[in-house]
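Letter by letter, the sequence shown follows residues 706 to 835 in this note's numbering. Even for Gly, the Cβ is constructed at its ideal location relative to N, Cα and C. Treat the numbers as computed from the prediction; the structure is a model and nothing was measured. Written below as structure tokens is the structure these notes are about.
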Amino acid sequence: MIDIGKILENAEQGRDGWGSSVGLPVLERVARENELVLEWDEGAGEDWVLMRKAGELQVVAGVELPLAFLLDSNGINLPPPVVLVRVSSMTRPILCCTRSVLEVAFRRQFKAIDFYPAGFSVLDLAMATI
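And the structure:
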């Protein structure tokens with residue numbers, strides 16, 4: 706289990722130097738350089754960019770929060786201030802974090818049914834905070 710509490714706190718410190726106007730061009734460049742398909746719906750106000758290769762999710766990266774989850778097998782990197790978290794799976798519940806830290810980092814409150822803070826996947830986190 707990966708406790709992302711400190712990771713979120715570190716990402717929060719870099720938030721002022723990130724955001725969609727800075728972060729999106731960086732994420733688009735990383736997608737191009739690594740031949741990844743980038744998915745992001747700006748009109749829907751999504752906070753996460755998904756990057757896939759051959760249909761498989763490789764990267765989940767924050768548009769407003771400089772945080773990226775990467776499959777540990779892909780070797781992709783992102784520049785600072787992005788905080789990188791290498792994971793073995795995007796869909797297995799391998800992350801944990803206290804609800805209070807999640808609420809500060811994502812600037813919203815979560816209902817108990819949104820997701821289970823003691824064990825969730827990268828995709829669970831992205832969908833709950835999209």
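- Fully contained in the segment 731-755 are the following beta strand (DSSP E) runs of length 3 or more, in chain order: 742-744.
- Nearest to R813 by alpha-carbon distance, out of L830, D746, V727, I799, is L830.
- For D777, the three-state secondary structure derived from DSSP is coil.
- Judged by beta-carbon spacing, V787 lies beyond the 8 Å limit of V827, meaning their Cβ atoms are not closer than that value.
- In the same chain as L732, and ignoring 5 residues on each side of it, the C-beta atoms closer than 6 Å to its own belong to V754, A766, in chain order.
- Spanning the alpha carbons of I781 and K816 requires a straight line of approximately 34 Å.
- Cβ neighbours of C802 within its own chain (closer than 7 Å, five residues either side excluded): D708, I709, G710, L713, P822.
- In the same chain as E769, and ignoring 5 residues on each side of it, the C-beta atoms closer than 8 Å to its own belong to R720, W723, G724, S725, G728, D752, in chain order.
- Bounds of any beta strand (DSSP E) do not take in Q718; it lies within the alpha helix (DSSP H) bounded by 710-718.
- Secondary-structure assignment with DSSP links K758 through a beta bridge to E761.
- Under the three-state reduction of DSSP output, V792 falls in the strand class.
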